[in-house]
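**Q**
Residue numbers (the numbering used here): 1 to 243.
1) Using the beta-carbon count (16 or more within 10 Å), is residue 243 buried or exposed?
2) Which residues does DSSP list as the beta-bridge partners of residue 73?
3) Please report how far the alpha carbon of residue 198 lies from the alpha carbon of residue 165, in whole angstroms.
4) Going residue by residue through the stretch 23 to 105, where are the continuous alpha helix (DSSP H) segments of at least 4 residues, counting only ones entirely within it?
5) Report yes or no: do three or more beta-carbon pairs, one from the stretch 123 to 140 and one from the stretch 181 to 192, lie closer than 8 Å?
6) May I have the straight-line CA-CA distance separating residue 81 from residue 62, to the nearest angstrom?
7) Between the Cα of residue 215 and those of 158, 183, 224 and 70, spot the shortest distance and give me the residue it belongs to.
8) Would you tell me roughly how many angstroms separate the C-alpha atoms of residue 223 and residue 163, rounded to the nearest one?
9) Are three or more beta carbon pairs between the stretch 102 to 111 and the stretch 122 to 130 nearer than 8 Å?
10) Taking the alpha-carbon of residue 325 as reference, which of 98, 71 and 206 has the nearest alpha-carbon?
11) Which residue wins for smallest C-alpha separation from residue 145, given the options 59, 206, 39 and 212?
12) Counting only runs that start and end within the stretch 115 to 156, where is the alpha helix (DSSP H) found for 4 or more residues in a row?
13) For residue 105, tell me which candidate among 143, 115, 76 and 94 has the shortest Cα-Cα distance.
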């Protein structure tokens, strides 16, 4: 038998909720067993629909939060069919890089799925966060982009500015304009879309930060107002922004 057998459902699939519940209990036991002399650590209450188990470490104002995400690694000779038309980075990072990414494993994270108005709890979502992180780190059309001997671009600065702007708008307007629906995922998705649309490093010169950010902001806003937000890596829509 497998260690996963206890999480199997009648249809042979792995119960996401059951596995996430087991992980939460393990973490709570570890936190509870910590001595008082160690740094204060608490576990946040479960958030509906969130795959994260959030730890609070330290005391305010020095408190930090850490999200622990349950993920199942899947190694296969090919990615799922739904990803075949995704990852259009040939003109940006090149075909070779794309092929290298496609040889990497994929991950499944427990995340509620919406089927019409019905919320399905025991579902898994494809996660490519490891590849997304690598693309943000190695973001240049040329290998020397942003290196000490290379030309500095403003791609990552634009992403940081957008995240900061969204945070400021949320602080100022709260939920009045539907800004609570936006998260770092949307900013990151817009970042990849913009990098694909303008693949050349010369289109992201650091000296052109202002104009580049304006183009980036327009890309983000058009996507958010025309319901075209979708994960960069595969076809199926995972987040929709309501009017």
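Positions of the beta carbon are idealized from the N, C-alpha and C atoms, including for glycine. Keep in mind the model is a prediction, meaning the values are calculated, not measured.
**A** According to the structure data:
1) Its pLDDT being 26, under 50, residue 243 is placed unreliably by the model, and nothing is read from it.
2) 107
3) 22 Å
4) 95 to 102
5) yes
6) 46 Å
7) 158
8) 16 Å
9) yes
10) Because the chain is modelled from 1 through 243, residue 325 falls outside the range shown and cannot be assessed.
11) 206
12) 129 to 137
13) 76
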